[in-house]
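Notes to accompany the following structure.
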Amino acid sequence: MEGVEGELAIDIREPLLSSARGKLSVLSKESMASDKCTIFRTPGLIRQRNKHLYEPQTVAIGPYGRRDDKPSLRAMEWLKWRYLQEFLSRNNSTLEDCIAEIQKLVPEARGCYFEWVNLKPVEFAEMLLLDGCFILEFLIKWKLGAGRDKKIFPRTIPSATELLDAGVTIKKKKKKKKKKKNENETHEKRLSAFLDVAFEDGVLEIPFLSVDPSTLPRFSNLLAFEQCLRCEPDEAYMTSYAIFMNCLIDKREDVAVLHQRGILENNLASDEELAVFFNQLSDYAYFDYEKHYLAEVFRDVRKYCDSRWPKWRAKLVRDYFSNPWAIISLIAAAVLLILTILQTVYTICSYYHPGN
Numbered sequence: 014m015e016g017v018e019g020e021l022a023i024d025i026r027e028p029l030l031s032s033a034r035g036k037l038s039v040l041s042k043e044s045m046a047s048d049k050c051t052i053f054r055t056p057g058l059i060r061q062r063n064k065h066l067y068e069p070q071t072v073a074i075g076p077y078g079r080r081d082d083k084p085s086l087r088a089m090e091w092l093k094w095r096y097l098q099e100f101l102s103r104n105n106s107t108l109e110d111c112i113a114e115i116q117k118l119v120p121e122a123r124g125c126y127f128e129w130v131n132l133k134p135v136e137f138a139e140m141l142l143l144d145g146c147f148i149l150e151f152l153i154k155w156k157l158g159a160g161r162d163k164k165i166f167p168r169t170i171p172s173a174t175e176l177l178d179a180g181v182t183i184k185k186k187k188k189k190k191k192k193k194k195n196e197n198e199t200h201e202k203r204l205s206a207f208l209d210v211a212f213e214d215g216v217l218e219i220p221f222l223s224v225d226p227s228t229l230p231r232f233s234n235l236l237a238f239e240q241c242l243r244c245e246p247d248e249a250y251m252t253s254y255a256i257f258m259n260c261l262i263d264k265r266e267d268v269a270v271l272h273q274r275g276i277l278e279n280n281l282a283s284d285e286e287l288a289v290f291f292n293q294l295s296d297y298a299y300f301d302y303e304k305h306y307l308a309e310v311f312r313d314v315r316k317y318c319d320s321r322w323p324k325w326r327a328k329l330v331r332d333y334f335s336n337p338w339a340i341i342s343l344i345a346a347a348v349l350l351i352l353t354i355l356q357t358v359y360t361i362c363s364y365y366h367p368g369n
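Counted from 1, the sequence shown has number 79 at position 66 by our numbering; the numbering is strictly sequential.
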């Protein structure tokens, strides 16, 4: 029995010693490199309570946020390639030059991560290339675009109630009477009718839209189809319209404004439900604020809202012309002011010219 235990001890000792030395060696290297680490993964105990606060929702930067089971993150990977292409064309740089610079940074970049990054050298270098150029191109776009307009970011428009306060008139767009077309043209016109938004001279014209329970899956699937199709920004009509409605409808009061003007017919349970739907419809959708088909409308509306005169005029109408009694009071005050001025002039003239 003792011989067996001794033999067993001898058999275990060598592999155990080798294994322990190997792990201690790795631990020693990690402890030496830990002083240079600046990128850490959020501990599980902290992350599990409010996971959505710590996990990327739209785009993943770096190896820790990569998840193949999240469609929104996978969909944004192709956008990184487009941004890389735009970045290279913007700087007249070649892909070879970028890769050469990335290769120099790989060892230092790997040392910044506290945990071991389970990516092959080529995969890690590709991640640095895509994520790095994506961030640079994103910042360049922001600087050239939204950086000039810090009052409204990203380049959106105010909600319906805010537009009214800014002096914008919101009205239902009238249907144009045209000669009879064939069945295919009529079907195409019906599909694109609600997309025909226009803005001119302070008037925002929006086509009529009826929303019922079947509208929710239909709009959601159309938008998802555009995202999967990867069409050009100025051809992503459904995405652009969804962003527009998301800007226009921020709360149930905005729904009420559009309903009062005959623009929106809500057949859902409440205005709150409709507001929530449009607020969530365009979540995680790729959208180019500079090139979409309503970009000119967005720019004109923002420019109009930034001017002072429309706001003053809207305040004047709201405070003094909102009801008949307010108008009567304003007219009476104006007449009284005119009579007071005339009486003052008459008194002065009588003092200096008593004979007249």
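No residue lacks a Cβ here, since even glycine has one placed at the ideal position from N, Cα and C.
Inset, instruction - Pick out whichever of G78, K93, W91 has its Cα sitting closest to the Cα of N131. - result: Indexing the sequence shown from 1 puts residue 131 at position 118. Of the listed residues, the one whose Cα sits closest to N131 is G78.
Legend entry - Sequence-distant residues of its chain with Cβ nearer than 7 Å to L307 (five each side left out): What you label residue 307 is simply residue 294 of the sequence shown in a count that begins at 1. If the five residues before and after L307 are omitted, its C-beta is found closer than 7 Å to the C-beta atoms of V210, S253, F257, all from its own chain and listed in chain order.
Legend entry - Beta-bridge partners of F53, as assigned by DSSP: Numbered from 1 along the sequence shown, position 40 holds the residue referred to as residue 53. Beta bridge pairing from DSSP links F53 with no other residue.
Inset, instruction - For the alpha helix (DSSP H) containing K156, list its first residue and its last residue. - result: Position 143 of the sequence shown, counting from 1, holds the residue named residue 156. Counting along the chain, the alpha helix (DSSP H) containing K156 begins and ends at 134 to 157.
Legend entry - Given 8 Å, three or more beta-carbon pairs between the region 170 to 178 and the region 300 to 318: Verdict: yes, contact present.
Inset, instruction - Spatial neighbours of L118 within its chain, please: CB distance less than 8 Å, with the 5 preceding and 5 following residues excluded, ordered by chain position. - result: Start at 1 with the first residue of the sequence shown, and residue 118 comes out as number 105. Cβ-Cβ distances below 8 Å link L118 to L141 in the same chain, with the five nearest sequence neighbours on each side left out; the list follows chain order.
Inset, instruction - Would you mind reading off the limits of the alpha helix (DSSP H) that contains S233? - result: For this step, residue 233 is matched to residue 220 along the sequence shown. Counting along the chain, the alpha helix (DSSP H) containing S233 begins and ends at 228 to 242.
Inset, instruction - Express the C-alpha separation of E266 and F311 in angstroms, rounding to a whole number. - result: On the sequence shown, residue 311 is found 298 positions in, with the first residue counted as 1. On the sequence shown, residue 266 is found 253 positions in, with the first residue counted as 1. CA-CA distance, F311 to E266, rounds to 21 Å.
Legend entry - Nearest-angstrom beta carbon gap, L294 and A269 [assumed within contact, 8 Å]: To locate residue 269, count along the sequence shown from 1; it is residue 256. To locate residue 294, count along the sequence shown from 1; it is residue 281. Not really, about 19 Å apart at Cβ, beyond 8 Å.
Legend entry - Exposure of H366, with buried meaning 16 or more beta-carbon neighbours within 10 Å: In the sequence shown, the residue the question calls residue 366 occupies position 353. Burial call: exposed.
Legend entry - Identified DSSP bridge partners for S32: On the sequence shown, position 19 is the one that residue 32 refers to. S32 is not bridged to any residue.
Inset, instruction - Whole angstroms is fine: what's the gap from L30's alpha carbon to Y126's? - result: Position 17 of the sequence shown holds residue 30. Position 113 of the sequence shown holds residue 126. Whole-angstrom Cα-Cα distance: 29 Å.
Legend entry - F291 and I262 closer than 8 Å at C-beta: Within the sequence shown, residue 291 is the residue found at index 278, counting from 1. Within the sequence shown, residue 262 is the residue found at index 249, counting from 1. Taking 8 Å as the cut-off, the Cβ atoms of F291 and I262 count as close.
Inset, instruction - Check whether the Cβ atoms of I276 and L229 sit closer than 8 Å, and answer yes or no. - result: Within the sequence shown, numbered from 1, the residue matching residue 276 stands at position 263. Within the sequence shown, numbered from 1, the residue matching residue 229 stands at position 216. Cβ distance not < 8 Å, so I276 and L229 don't count as in contact.
Inset, instruction - Just tell me which of C241, L235, V181, C244 has its CA closest to the CA of E213. - result: Numbered from 1 along the sequence shown, position 200 holds the residue referred to as residue 213. Ranking the options by Cα distance to E213, first place goes to V181.
Legend entry - S233 to D225 span [Cα, whole Å]: Along the sequence shown, one-based indexing puts residue 233 at 220. Along the sequence shown, one-based indexing puts residue 225 at 212. Approximately 13 Å between the Cα atoms of the pair.
Legend entry - Whole alpha helix (DSSP H) elements within the region 234 to 305, 4-residue minimum: With a minimum length of 4 residues, the continuous alpha helix (DSSP H) runs that stay inside the region 234 to 305 are 250 to 261, 265 to 273, 284 to 294.
Inset, instruction - Note down the Cα distance separating H65 from A237, rounded to an integer number of angstroms. - result: Start at 1 with the first residue of the sequence shown, and residue 65 comes out as number 52. Start at 1 with the first residue of the sequence shown, and residue 237 comes out as number 224. The C-alpha of A237 is placed about 22 Å away from the C-alpha of H65.
Inset, instruction - Within its chain, find whatever has a CB closer than 6 Å to the CB of T138; leave out the 5 residues flanking it on each side and keep chain order. - result: In the sequence shown, counting from the first residue as 1, residue 138 sits at position 125. Checking the sequence, you will find Ala at residue 138 rather than Thr. Non-local beta-carbon contacts of A138 in its own chain, meaning distances under 6 Å to residues more than five positions away in sequence, involve I115, V119 in chain order.
Inset, instruction - Taking E121 as the reference, give the member of C50, C241, I25 with the closest Cα. - result: Stepping through the sequence shown from its first residue, residue 121 is reached at position 108. For the residues C50, C241, I25, the minimum Cα distance to E121 belongs to C50.
Inset, instruction - Give the secondary structure of E90 by DSSP, where H, G and I count as helix, E and B as strand, and everything else as coil. - result: By one-based count along the sequence shown, residue 90 stands at place 77. The answer is helix: DSSP assigns E90 an H, G or I state.
Inset, instruction - May I have the straight-line CA-CA distance separating E309 from E239, to the nearest angstrom? - result: As a working note, residue 309 is residue 296 in the sequence shown. As a working note, residue 239 is residue 226 in the sequence shown. When rounded, the distance between both Cα atoms is 21 Å.
Inset, instruction - State the DSSP-derived secondary structure class of I170, mapped to helix, strand or coil. - result: The residue labelled residue 170 in the question sits at position 157 within the sequence shown. Coil.
Legend entry - Three-state secondary structure assigned by DSSP to Y67: Here residue 67 is taken as the residue at index 54 of the sequence shown, counted from 1. Helix at Y67.
Legend entry - Proximal residues to W155 (C-beta, below 7 Å), its chain only, five neighbours per side dropped: Taking the sequence shown and counting its residues from 1, one reaches residue 155 at position 142. Contacts found: none.
Inset, instruction - Might you give, ordered along the chain, the residues of its own chain that have their beta carbon closer than 6 Å to the beta carbon of R53, omitting 5 neighbours on each side? - result: The sequence position of residue 53 within the sequence shown is 40, counting from 1. Correcting the residue identity first, residue 53 is Phe in this sequence and not Arg. Correct list, in chain order: F127.
Legend entry - Extent of the continuous alpha helix (DSSP H) to which A206 belongs: Taking the first residue of the sequence shown as position 1, residue 206 is located at position 193. It is not in any alpha helix (DSSP H) - A206 carries neither H nor E in the DSSP assignment.
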